[in-house]
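Engineer:
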Amino acid sequence: MRDISRGKKANILIPRNWTAHMATTQSSDRKAAVIGSGFGGLGAAIRLQSAGIQTVLYEARDLPGGRAYVYHDDGFPFDAGPTVITAPHTLTDLFELTDRRLEDYIRLIEVTPMYRLIWSDGDRFDYVRDEATMVEQIRARSPRDAEGYQKFFQYAKKVFDKGYTGLADRPFLRFSDMLAVSPSLMRLRADRSVYNTVAKYVKDDHLRQALSFHSLLVGGNPFQTSSIYTLIHFLEREWGVYFPEGGTHALVRTLVQLYEELGGELRLSTPVKAVDLIEEDGRTKHRVSDGNGVKETFDMVVSNADVHHTYSRLYASSSVAQRRTRKLEKADWSMSLFVLYFGTDIAYDDVAHHTILFGPRYKGLLDDIFKGSELPDDFSLYLHVPTVTDKSLAPEGCSAAYVLAPVPHLGRADVDWDAIAEAYGDRIIEALEVEMPDLSKHIVTRRHITPKTFETELAAFKGSAFSVAPKLTQSAYFRPSNKDSGIPGLYLVGAGTHPGAGLPGVLNSAKATVDLILSKQG
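Our numbering applies: residue 646 is where the sequence shown begins, and numbers increase by one.
1. Given 8 Å as the limit, is there contact between the segment 972-992 and the segment 1109-1127, that is, 3 or more CB pairs closer than that?
2. At a cut-off of 6 Å, would you count A678 as near the ligand SAM, judging by its Cβ distance to the nearest heavy atom?
3. Does the count of Cβ pairs from the segment 1066-1083 and the segment 1001-1019 closer than 8 Å reach three?
4. From what residue to what residue does the beta strand (DSSP E) around E905 run?
5. Sort R774, G988, P1133 by Cα distance to L1028 and report the nearest one.
6. How big is the Cα-Cα spacing for A668 and K676?
7. Taking three-plus beta-carbon pairs below 8 Å as touching, is the segment 762-776 in contact with the segment 1036-1044?
8. Count the other C-beta atoms from every protein chain shown that fall within 10 angstroms of the C-beta of N1153, then say buried if there are 16 or more, exposed otherwise.
9. Sort out for me which residues DSSP pairs F888 with in a bridge.
10. Closest to L1025 by CA distance: which of F1015, R1006, G1017 is it?
11. Looking at the structure shown, is E1078 part of a helix, part of a strand, or coil, going by DSSP?
12. Using the DSSP secondary-structure output, state which residues sit across from H998 in a beta bridge.
13. Please name the residue, chosen from R769, F983, P1031, that lies closest to D1023 on a Cα-to-Cα basis.
14. Determine which residues share a DSSP beta bridge with D951 and list them.
15. Using a 10 Å radius around the Cβ and a threshold of 16 neighbouring Cβ atoms, would you call S1085 buried or exposed?
16. Report yes if the CB atom of S1112 is closer than 7 Å to the CB atom of A1140, and no otherwise.
17. Rank I877, G865, S871, L861 by C-alpha distance to the C-alpha of T842 and give the top, closest one.
18. Which partner residues does P722 have in the DSSP bridge list?
19. With 16 as the cutoff for other CB atoms within 10 Å, does P1096 come out buried or exposed?
20. Between which residues of its own chain and G793 is the CB-CB distance below 6 Å, once the five residues before and five after are set aside?
21. Please report the residue range of the beta strand (DSSP E) in which V1048 lies.
22. Where do the ends of the beta strand (DSSP E) carrying E941 lie?
23. Can you tell which of L856, R853, H931 has the C-alpha that lies nearest to the C-alpha of S963?
24. Enumerate in chain order the residues of its own chain whose CB-to-CB distance from Y956 is below 7 Å, with the five nearest sequence positions on each side excluded.
Rendered as structure tokens:
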């Protein structure tokens, strides 16, 4: 495993703009509220504070991080949210804005294999960064697909160059912005799904699954999500997959430290109840009312809250927000998740840090999750065992892990999760014993979250885990904008706006949004 802080700096392909260079010299009398301290909110707050805009960061929960929360049970810390750290430059850039270095705060350790893939028939495949190893594994199972894979990789690179380097941190405020890039995207057949694109290059069924599952990591159905998302394959090969020493929440705490060093204010256990638009000195301002009865006026609001919640609850008094709410309720929303956290009294050291366990069905299961009206009987699983990389995340001789199953959101399947969650978790534990022998006998603590948790604790519409689904017709210009055109001074960051979910996505949304604020367009 490689420590990014000790290796050569990543070859960053995204050009820096003037905001990064001038952040330390700008000052402003403007004041901003950032609602929600997920990675998108933290990224925006750091960028604003770096640029001299005094920022208050509101967080409803007792700890920062939003979905990147941490639970502590019987000596086991469980990271609640994102665990796959890619595109590390999106993090290092936040420190470089003020001539700091991320590696002086925290270590990012490269994980290998990036994923271990296991199928229900016993087939296994280690998904690695090294090209030669990947090609040899593919050739051993399907000689004709070795060349096809290399062609797929070249296609993914072209998509990356257009869809990530050129667009990920660029806001789409006008339809003309979309028209300008449409010819390039059409040449790359952005209208084709991730799975159909992969299937063009490789024929082995398991390889098709291995190269198409990534869109699920950002809430997308591989059979519906645009082929633009094949860029994830190149992104991981280019920059690797990492894990922060001390866990994901250690990374959250590091970003909070940076933000506070810059003079930013974090208010924990302070949910925002409403934001009212008022006129003051001839300008529209935002009066934030929090759950502690405090009202404060800001020049702008950057919302990292669920996009539907932002419009339907926070700005409920605005007629513009009411129109946005009605439109969002007609949108296609991503799936939800059942997540089981558990600690064991023995160490499971022979597993991978990240494991994907495919069920007996692929397309049929995804159809049930994204289009069906009931909870499927079967499941596919993502298993995260951070103690493989960092032993400090469990008591000595023990392991900590979480496993998640994609499930339909609450608007699609009316499931009584309170009634079935324990039994559903038991079935998942049984399924994991193919990789973690006698697991049920060694679990000493466990907890779970369900789609209902996403809906109630995270204010996620329909309990969706990844906000608006990343379909072509709900991407870029067609996604909720980083800057609201009808509510002056309202900006969005996070999974529900451009470019979308995933750690690089939400951090790039913060960059796109703050660039707007600091430019004439903002």
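Quick reminder that beta carbons are idealized off the backbone N, C-alpha and C, glycines included.
Structural biologist: Short version:
1. yes
2. You won't find the ligand SAM in this model; it holds no ligand whatsoever.
3. yes
4. Taken as a continuous stretch (DSSP letters only), E905 belongs to no beta strand (DSSP E), being part of the alpha helix (DSSP H) at 893-906.
5. G988
6. Low confidence applies here, because A668 scores a pLDDT of 41, under 50, leaving its location unreliable; read the following figure in that light. Their backbone Cα atoms lie some 16 Å apart in a straight line.
7. Pairwise C-beta distances place the segment 762-776 out of contact with the segment 1036-1044, as fewer than three of them are shorter than 8 Å.
8. buried
9. According to DSSP, F888 bridges with I754.
10. The sequence given here places Ser at residue 1025; Leu does not occur at that position. Checking every option, the nearest Cα to that of S1025 belongs to R1006.
11. Correct three-state label for E1078: coil.
12. Assignment of beta-bridge partners to H998 by DSSP yields no partner.
13. F983
14. Per DSSP, none; premise fails for D951.
15. exposed
16. yes
17. S871
18. H717
19. buried
20. Cβ neighbours of G793 beyond the five flanking positions: Y846, V847.
21. DSSP places V1048 inside the beta strand (DSSP E), whose first and last residues are 1044-1052.
22. 940-943
23. H931
24. A966, R969, T970, L973
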